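Structure first, then comments.
Residue numbers (the UniProt record's numbering): 1 to 81.
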């Protein structure tokens, strides 16, 4: 069963951002908190995500960049120290 799950995970079309971080499946839970899951999945209140589902008219951050989790963590002038 674990081998089938691993094969499905490896060859899947979805979850590729998480796959790049965790390429191996495991029966042990991760120690990720809610914020980690939101950040790595990018399924959160980010302009790029909201626009993708037509919940916002713009995918831009206030600074002018594309509003993804990675943008806020690495390049946004309003959030990077």
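The beta-carbon is built from N, C-alpha and C at its ideal position, and this holds for glycine as well. None of these values were measured; they are calculated from a predicted model.
According to the neighbour-count rule (16 or more other Cβ atoms, all chains shown, within 10 Å of its Cβ), is residue 47 buried or exposed? buried
Let me know the alpha helix (DSSP H) ranges lying completely inside the region 10-80, each 4 residues or longer, listed in chain order. 16-21, 34-41, 47-52 and 69-74
Would you be able to state if there are at least three C-beta pairs under 8 Å between the region 38-46 and the region 4-22? yes
To the nearest angstrom, how far is it from the Cα of residue 25 to the Cα of residue 10? 9 Å
Measuring straight from C-alpha to C-alpha, what distance separates residue 5 and residue 12? 10 Å
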